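Novice: This structure is in structure tokens; I'll ask about it shortly.
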DNA sequence: ATTTGCTCAGCTC
DNA sequence: GAGCTGAGCAAAT
């Protein structure tokens, strides 16, 4: 995979096949610490794909044990979907990890920013 | 807070 | 290759 970065805005020239992108997505996700979350949008921005593609990748996650796809939420703080047990289960998992959910939303502080993470 | 329209890669056939 | 779909987004209401 080749990623060219121009003035802060990322432009990716994707010679990568989808499997490569998938793996990249999973690896980034594994950088998200316990008790924090990230969003489909962030991941999409970093990888230079459409957010829905990230969602698709998560849905196809074949190894939920090592890939914490429940930590990926929507950009507005709402939970988004979860194919293994539904959104209720996703919420349960997050609560279990110490993520606080306020009125159906996850507060900003608990959503990591890849800009910072990758420094 | 809710509705509306846009999106685009993956999927299916 | 054409058409459909969606674990989303953003603007307008």
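Residue numbers (the numbering used here): 10 to 128. Where is the CB? At the ideal position from N, CA and C, for every residue including glycine. Only a predicted model underlies this, so the values are computations on that prediction, with no experimental measurement involved.
Assess contact between the region 80 to 95 and the region 24 to 33, defined as three or more Cβ pairs (one per stretch) separated by less than 8 angstroms. Is contact present?
Specialist: These segments do not touch.
Novice: With distances taken between CB atoms, is the gap from residue 110 to residue 48 smaller than 8 angstroms?
Specialist: In the first chain, residue 110 corresponds to position 101, counting from 1. In the first chain, residue 48 corresponds to position 39, counting from 1. Going by C-beta atoms, residue 110 is not nearer than 8 angstroms to residue 48.
Novice: Opposite residue 111 in the DSSP bridges: which residues?
Specialist: Locating residue 111 in the first chain gives position 102, where the first residue counts as 1. In DSSP, residue 111 forms a bridge with 114.
Novice: Which of helix, strand or coil does DSSP assign to residue 62?
Specialist: Looking up residue 62 in the first chain gives position 53. Of the three classes helix, strand and coil, the one that applies to residue 62 here is helix, per DSSP.
Novice: What did DSSP end up calling residue 41 once you bin it into helix, strand or coil?
Specialist: Here residue 41 corresponds to residue number 32 of the first chain, with the count starting at 1. It is coil, neither helix nor strand.
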